[in-house]
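Asks:
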Amino acid sequence: MSDLRGEARVALAIARKDALAELRGRHATVSTLFFSAVVLLLFGFALGPDSARLAAAAPGLLWLAVVFAGMLAVSRLHLLETDDGALEQLALYPITRRAIYAGKALAGLAVMVVLGLLVLAAVGILFAVDIGGAWPPLVATVLLGAIGIAAVGTFYAGVTVRLRAREVMLPLLMLPVLAPLLLGAVKATAAALAGDPFGELGAWLQLLVAFDVIMVVAGAATYGYLLED
Amino acid sequence: MPQTTIYVSPRSLGAPERRPPSVSTTDLARLFAGSPALAGVSLRVDAARTVALLGSNGAGKTTLLRVLSTAIRPSYGTASVDGLDLGRDADLVRARVAYLSHATGLYDDLTARENLAFAAAMYRTPDPAARIDRAIADVGLVDRAGDRVGELSAGMRKRLALGRILLGQPSLVLLDEPYASLDADGMAVVDQLLTAWREAGVSVLIASHATDRLAPFLDGRVVLERGLVSAVSGQGVASQPPSLPDAAPATGMLS
Amino acid sequence: MKTRILGFVAVGGVAAMLAVALFLAPADLNQGDAQRIMYPHVASAWLGYLSFGVTALAGILWLWRRDLRFDAVAVAGAEIGVIFTAFAIWGGMMWGRPVWGVFWQWEDPRLTTTALLLALYVGYLLFRRLTDDPERRATRAAIVGIVAAVDIPIVHFSVEWWRGLHQTATIGSPDRVLNPAAPMVFVGTLLGMLGAFTLAWAYLMIRRYQLARAELAHEETVRRQRIQAARAPHPAPTSTEVAR
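Protein chains in written order, with my numbering: chain A, -15 to 213; chain B, 325 to 579; chain C, 18 to 261.
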């Protein structure tokens, strides 16, 4: 049954439900924002005070902070489903498994975009980076990075949510897979900030797009198997 | 029979005689960590029947309900609901089965009404706002509809979970200890639901110890003991002994 | 019996090829004798990747067919793959020290991709240990394996781009020998090493698979026994088959 519009509506309903629960009391977004701020501060302590060095390292620090905080955020969104067996109930509705994945990934995406943009602004301030006219490619990079982290993170959060060792398994499984996204996002950010002197920005953005597409497809195809027991 | 005004969404089910059995299992077995919770259940429940599933704790009642709801897969054997195979047509089965388990599956941070609104979106209930209002009224939660579920008592959450079932269009309802945690009013709601489902031709399979209370609503009874059917009585329900253990496993292991 | 023959042939082949690599093949003009470690290094790396492909494919087949033998293949691939991958990294570092001057070179695509592959393997194996139920474990491991396997080509290309766009001349890389202009003796030695290592890999895979299958068979026997025991003292159910 190819009922894409119906599936989309289901996915949006799930995302909306996550957003609602978020606003009501989960504080996933707020606490992860604070976490990323703390991470940036620690980077400053570890690599500073030479502002030239920090400015040079800024793209990498930006994305490290986003990835680490993002991991927390997507894992907390899945934790929502441990409310009295909610995940099992979710799996029992007459909805496709990929709609569930899409819904939760969309909620994760919303959080990641907010997180990414705010961390970008914070990095600009803390590490004396002149963003100047580089906003459009930077925002594009943040969006593409957010999609990738949300897609991969939602998948692995689902994989680890019911495990005993979930806090360590989530990063252990997720971070190696995110390596190409990290590379692409950092390189694209650096290129954008420098005004793209070698013309490589396009290539890195393409890498991000490819990563996003592949991971969304892989996640949507396999997430459903997590819900069977 | 008490007068009922509960709105059970009619799914055009047709005459019961012409419908396939609501439940049909063959040598259904399920192991957890190597130990069998179900050891070979072959059971048939006819359409439009209300049947009680009896047995002591650990007999396999909950496991059987969970398999039929598609929440877990069987280790061995086959099962079908309304003639639809659980393995092949799980998504079709999900559209026709509603399951009330020990856990309510409700979101603590959302209000009662919001939880139902979410369920309505998942069931694609037509005319959701009106149906939600009706469901809330039918289970008697009108004055608590705007409260967060985390603040509700266990009994009220159970009622809300029952209300959620009203938003779908099940032809088979699986209830696991429906009377647990409920006060007298809550239990009356369950009674009304059972009556409404019977009138609508919906089959109900209830795991419960409250045999006396259920008696007026039942067509038949099945007793489970240590993962097997030990007794069957009444109308519309039948069972077979498990066949020899060389029945093909649901998940193949060795050739 | 056939497996044992395979084992002997594999050991013999590996020993022979190692001798060839160490003594018979000529030293590289630029890299000297250090280049010799490249033969087992490349062969191991190739088998490390192959193993992961096998694991991922076995996972897909499990999801499709639900035959636990496929999961046995998957775990065999992962465990054997870890060994070859770890060895490949070690070999790469041993090669790198005399040639690059450092143990690690970030822009060498094979080294970094292989390191990431090792991380994915280790994660996969640790993840498997957290689930006891065989079917659940097989399903969860299968999807983790698939997503990880899908990631590997992306990693490879991204690191290639990383190196390519920066135009830093690495003194040499193990890949030089794969250049079509390389003299036949190099290519021949490499292919021979690859063949010998593949035989060893096949032998280890078969043994590991047999071990996993034996475990599965044992578990299955226990499960059936338990089901039998549950049924044994039970009389036939009193069935009232009532016609409508």
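Glycine is no exception: its CB is placed at the ideal position from the N, C-alpha and C atoms. Since this is a predicted model, take the numbers as computed values, not measurements.
Taking 8 Å as the cut-off, decide whether the C-beta atoms of B:V463 and B:L499 are in contact.
Replies: Position 139 of the second sequence, counted from the start, is the residue given in the question as residue 463 of chain B. Position 175 of the second sequence, counted from the start, is the residue given in the question as residue 499 of chain B. In this structure, B:L499 does not lie closer than 8 Å to B:V463 by Cβ.
Asks: Report all residues from its chain with a CB closer than 8 Å to the CB of C:T156; omit the five preceding and five following residues, and keep chain order.
Replies: Numbered from its first residue, the third sequence carries residue 156 of chain C at position 139. The answer, listed in chain order, is W79 and L80.
Asks: Among B:R550, B:E475, B:R390 and B:D413, which residue has its Cα nearest to the Cα of B:S359?
Replies: One-based indexing of the second sequence puts residue 359 of chain B at position 35. It is B:R550.
Asks: From the beta carbon of B:L337, is the nearest beta carbon of chain C less than 8 Å away?
Replies: Residue mapping note: residue 337 of chain B aligns to position 13 of the second sequence, counting from 1. No - not a single Cβ of chain C is within 8 Å of the one on B:L337.
Asks: Taking Cβ-Cβ distances below 7 Å as the criterion, which residues of the stretch -2 to 31 of chain A are in contact with chain B?
Replies: Residues K1, L4, A5, R8, G9 and R10.
Asks: Tell me whether C:I106 sits in a helix, a strand or coil according to DSSP, three-state version.
Replies: The count along the third sequence starts at 1 and reaches residue 106 of chain C at position 89. Here C:I106 sits in helix by DSSP.
Asks: At a Cβ cut of 8 Å, what residues of the stretch 351 to 369 of chain B count as close to chain C, listed as they run along the chain?
Replies: Cβ contacts with chain C come from A353, L355, F356, A357, G358, S359, P360, A363 and G364.
Asks: My guess is that B:A531 and B:L389 are in contact by the Cβ rule of under 8 Å, so how many angstroms apart are they, rounded?
Replies: Here the question's residue 531 of chain B lines up with position 207 in the second sequence. Here the question's residue 389 of chain B lines up with position 65 in the second sequence. Indeed they touch by this definition, with Cβ atoms about 6 Å apart.
Asks: Could you tell me whether the Cβ atoms of B:P494 and B:L424 are closer together than 8 Å?
Replies: As a position in the second sequence, residue 494 of chain B is number 170, starting the count at 1. As a position in the second sequence, residue 424 of chain B is number 100, starting the count at 1. No; because the gap between Cβ atoms is not below 8 Å, this pair is not in contact.
Asks: Taking Cβ to Cβ, would you say C:S175 is nearer than 8 Å to A:P121?
Replies: Walking along the third sequence from the start, residue 175 of chain C turns up at place 158. Walking along the first sequence from the start, residue 121 of chain A turns up at place 137. No.
Asks: What residue from B:R343, B:A372, B:L362 and B:R397 has the CA that sits closest to B:W521's CA?
Replies: Here the question's residue 521 of chain B lines up with position 197 in the second sequence. Of B:R343, B:A372, B:L362 and B:R397, the residue nearest in Cα terms is B:A372.
Asks: Among residues of its own chain, excluding the 5 on either side of A:M96, which ones have a beta-carbon nearer than 6 Å to its beta-carbon?
Replies: Taking the first residue of the first sequence as 1, we reach residue 96 of chain A at position 112. So the qualifying residues of the chain are G54, A130, I133 and A134.
Asks: For B:T449, I'd like the list of residues in its chain whose CB is within less than 6 Å of its CB, leaving aside the five on either flank, ordered along the chain.
Replies: On the second sequence, residue 449 of chain B is found 125 positions in, with the first residue counted as 1. The answer, listed in chain order, is R455 and L491.
Asks: Is the distance from the Cβ of C:R93 to the Cβ of C:Y226 below 8 Å?
Replies: Start at 1 with the first residue of the third sequence, and residue 93 of chain C comes out as number 76. Start at 1 with the first residue of the third sequence, and residue 226 of chain C comes out as number 209. The sequence as given places Ala at residue 93 of chain C; Arg does not occur at that position. Cβ distance < 8 Å, so C:A93 and C:Y226 count as in contact.
Asks: Quick check: A:E184 and A:A194, are their CB atoms within less than 8 Å of each other?
Replies: Here residue 184 of chain A corresponds to residue number 200 of the first sequence, with the count starting at 1. Here residue 194 of chain A corresponds to residue number 210 of the first sequence, with the count starting at 1. No. Outside cutoff.
Asks: Consult DSSP for B:Y447 and reduce its assignment to one of helix, strand or coil.
Replies: Sequence index remark: in the second sequence, residue 447 of chain B carries index 123 (1-based). It is helical.
Asks: Closer than 7 Å between beta carbons: that is the criterion. Which residues of the stretch 475 to 500 of chain B meet it against chain C?
Replies: The stretch 475 to 500 of chain B vs chain C, Cβ under 7 Å: nothing.
Asks: In this structure, does DSSP put C:R53 in helix, strand or coil?
Replies: Looking up residue 53 of chain C in the third sequence gives position 36. Note: C:R53 maps to helix in three-state DSSP.
Asks: Measure the Cβ-Cβ separation of C:I244 and B:A353 and say whether it is below 8 Å.
Replies: For the purposes of this step, residue 244 of chain C is identified with residue 227 of the third sequence, where counting begins at 1. For the purposes of this step, residue 353 of chain B is identified with residue 29 of the second sequence, where counting begins at 1. Yes. Within cutoff.
Asks: Could you tell me which whole beta strand (DSSP E) segments of length 3 or greater appear in the stretch 447 to 506 of chain B?
Replies: Segments of the beta strand (DSSP E) lying fully in the stretch 447 to 506 of chain B: 496 to 500.
Asks: Could you tell me the boundaries of the alpha helix (DSSP H) in which A:P164 lies?
Replies: In the first sequence, residue 164 of chain A corresponds to position 180, counting from 1. That run of the alpha helix (DSSP H) goes R150 to L177.
Asks: Run the proximity test for C:I163: is its beta-carbon closer than 7 Å to any non-hydrogen atom belonging to the ligand HEM?
Replies: Of ligands this structure carries none, so the ligand HEM is not represented either.
Asks: Distance, Cα to Cα, B:E438 vs C:A231?
Replies: By 1-based counting over the second sequence, the position of residue 438 of chain B is 114. By 1-based counting over the third sequence, the position of residue 231 of chain C is 214. If you take the alpha carbons of B:E438 and C:A231, they lie about 52 Å apart.
Asks: Among B:Q559, B:G338, B:D351 and B:I460, whose alpha-carbon lies nearest the alpha-carbon of B:A436?
Replies: Taking the first residue of the second sequence as 1, we reach residue 436 of chain B at position 112. Nearest C-alpha to B:A436: B:I460.
Asks: By Cβ distance, which residues of its chain are closer than 6 Å to B:S348, with the 5 residues on each side in sequence left out?
Replies: In the second sequence, counting from the first residue as 1, residue 348 of chain B sits at position 24. Only R368 and S404 meet the Cβ criterion.
Asks: C:A247 touches chain B at which residues, Cβ-Cβ below 7 Å?
Replies: Along the third sequence, read from residue 1 onward, the residue named residue 247 of chain C stands at position 230. In chain order: P360, A363, R550, G551 and L552.
Asks: Verify the CB distance criterion: does A:P164 have a CB-CB separation below 8 Å to chain C?
Replies: For the purposes of this step, residue 164 of chain A is taken as the residue at position 180 of the first sequence. Judged by the 8 Å Cβ criterion, A:P164 is in contact with chain C.
Asks: Can you grab the Cα-Cα spacing for the pair B:V417 / B:D370, in whole Å?
Replies: Stepping through the second sequence from its first residue, residue 417 of chain B is reached at position 93. Stepping through the second sequence from its first residue, residue 370 of chain B is reached at position 46. Whole-angstrom Cα-Cα distance: 16 Å.
Asks: Are there 16 or more other CB atoms within 10 angstroms of the CB of C:A186, so buried, or fewer, so exposed?
Replies: By 1-based counting over the third sequence, the position of residue 186 of chain C is 169. Summary for C:A186: the model assigns pLDDT 39, below 50, so the residue's position carries little reliability; its value from the coordinates is reported in the next sentence. So C:A186 counts as exposed.
Asks: Tell me, please, whether the CB atom of C:D150 is closer than 8 Å to any CB atom in chain B?
Replies: In the third sequence, the residue the question calls residue 150 of chain C occupies position 133. Yes, because at least one Cβ of chain B sits closer than 8 Å to the Cβ of C:D150.
Asks: Tell whether a beta-carbon distance below 8 Å holds between B:V546 and B:V391.
Replies: Start at 1 with the first residue of the second sequence, and residue 546 of chain B comes out as number 222. Start at 1 with the first residue of the second sequence, and residue 391 of chain B comes out as number 67. No, they are not a contact pair.
Asks: Can you tell me which of A:W47, A:L26, A:L4 and A:D(-13) puts its alpha carbon nearest to the alpha carbon of A:T173?
Replies: Taking the first sequence and counting its residues from 1, the one referred to as residue 173 of chain A is at position 189. Out of A:W47, A:L26, A:L4 and A:D(-13), A:W47 has the C-alpha closest to the C-alpha of A:T173.
Asks: Beta-carbon separation of B:D536 and B:G558 under 8 Å?
Replies: Position 212 of the second sequence, counted from the start, is the residue given in the question as residue 536 of chain B. Position 234 of the second sequence, counted from the start, is the residue given in the question as residue 558 of chain B. In this structure, B:G558 does not lie closer than 8 Å to B:D536 by Cβ.
Asks: So with Cβ pairs under 8 Å, would you call A:E212 a contact of chain C?
Replies: Numbered from 1 along the first sequence, position 228 holds the residue referred to as residue 212 of chain A. Judged by the 8 Å Cβ criterion, A:E212 is in contact with chain C.
Asks: Is there at least one Cβ from chain C nearer than 8 Å to A:L122's Cβ?
Replies: One-based indexing of the first sequence puts residue 122 of chain A at position 138. No, its Cβ sits nowhere closer than 8 Å to a Cβ of chain C.
Asks: Of all the residues that make up the stretch 142 to 173 of chain A, which are near chain C by a beta-carbon distance shorter than 7 Å?
Replies: Residues V143, L147, R148, A149, M153, L156, L157, P160, V161, A163, P164, L167 and G168.
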